[in-house]
Amino acid sequence: MSLLLSNDDGVHAPGLQALANALRDAGQQALWTVAPDRDRSGVSNCLTLDRPLQVIELGDRRYAVDGTPTDCIHLGTAGIFMPVPDRVVSGINFGANLGDDVLYSGTVAAAMEGRFLAQPALALSLVVTEAGAASVERFAAAARIAVWLLQEIAELALPPRTVLNINVPDRPLAAVKGLRLTTLGQRLKGENPISTLNPRGKTLYWIGRAGGPVSRPPGSDFHAVEEGYVSVTPLHADMAHHGALAAWRQPFGVLQAGFDHWLAG
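Per my numbering, the very first residue in the sequence shown carries number 34; after that it's consecutive.
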């Protein structure tokens with residue numbers, strides 16, 4: 034199976050390097066990396082449409098792109114630098130992608146751009162705790178988990194265009210309790226922007242930190258990670274609210290009739 038690796042932390046990020054090393058050590062030969070040339074966290078599914086993209090070949094099937102994670106997968110799956118891969122693997126991200134994070138995450142966006150391929154894409158994140166930065170050993174542990182998962186899910190049937198959002202707790206491999214199949218939790222509203230002045234007196238704003246979880250119900254990704262489990266959440270790109278569609282069918286008929294009457298009048 035051929036794999037295309039990417040991320041949103043940048044092509045030189047330790048999580049991406051740990052993942053590539055672990056895959057090579059496991060005998061993965063058909064492996065390419067196409068990733069942003071710098072940190073592009075939080076850019077979601079942005080495509081760069083206002084300028085051309087520059088690609089720098091770093092050697093050893095590694096490419097840096099001066100664009101977004103979605104740009105990277107868009108290029109990487111076009112048959113330009115490599116054969117069309119079987120699967121996209123994005124990460125390992127420095128920090129969680131839990132709950133509402135998936136709306137903003139460049140890590141998840143890269144995986145989403147790979148949803149058209151033969152095999153489901155994976156988005157991998159290491160849930161770094163507030164106590165400190167993740168160590169090289171923790172990234173290596175998360176990479177070993179990723180390699181195992183890739184081997185085990187190869188034969189599992191999933192619906193087309195499925196993306197697996199995987200969050201690994203920041204703890205030694207021996208302290209990881211297992212896997213949990215989870216739903217997405219929800220976060221509180223993010224903190225307010227923080228204003229600052231540049232040396233020339235112009236006001237600038239930093240986007241505030243993401244809000245904490247609204248709740249941690251059993252079965253959610255937040256709960257699983259806090260309990261020491263690897264969270265595995267299937268995602269898809271259909272953002273239609275099916276509950277609202279069902280609830281609105283009857284009142285919408287009245288609304289539609291009123292609209293037709295208004296047009297005719």
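Where is the CB? At the ideal position from N, CA and C, for every residue including glycine.
Per DSSP, cross-strand counterpart(s) of residue i
i: T216; result: S253
i: T236; result: L230
i: E149; result: The question names Glu, but residue 149 is Phe in the sequence shown. Beta-bridge pairing links F149 to no other residue.
i: A156; result: S123 and N198
i: V209; result: DSSP output for V209 lists no bridge partner at all.
i: Y262; result: G211
i: S39; result: S123
i: P267; result: L197
i: P246; result: R220
Candidates the options: closest to residue i by CA position
i: V122; options: A173, L221, A156 and P205; result: A156
i: I113; options: G128, N130 and V88; result: V88
i: P116; options: G218, S35 and Q289; result: S35
i: H107; options: G48, V67, S74 and D93; result: V67
i: I199; options: A273, V265 and G291; result: V265
i: V135; options: E259, D254, L278 and A280; result: D254
i: R22; options: H274, E90 and A179; result: A query on residue 22 cannot be resolved here, the shown segment of the chain reaching from 34 to 298 and no further.
Assigned exposure category for residue i - 16 Cβ within 10 Å defines buried
i: T101; result: buried
i: H294; result: exposed
i: G128; result: buried
i: R251; result: Here residue 251 turns out to be Pro, not Arg, going by the sequence shown. Classification for P251: exposed.
i: D271; result: exposed
i: R84; result: exposed
i: Q50; result: buried
i: V44; result: buried
i: I125; result: buried
i: T236; result: exposed
i: T162; result: exposed
6 Å CB neighbourhood of residue i in its chain, flanking five on each side removed
i: L191; result: P153
i: G244; result: R220, L221, K222 and G223
i: R95; result: T66
Contact set for residue i: own chain, Cβ-Cβ below 8 Å, skip 5 residues either direction
i: F149; result: T110 and R194
Own chain partners of residue i with C-beta closer than 7 Å, once the 5 adjacent residues on each side are dropped
i: D133; result: Q219 and R220
Please list the segments of the alpha helix (DSSP H) lying wholly inside the segment 47-107, counting only runs of 4 or more residues, in order along the chain. 47-58
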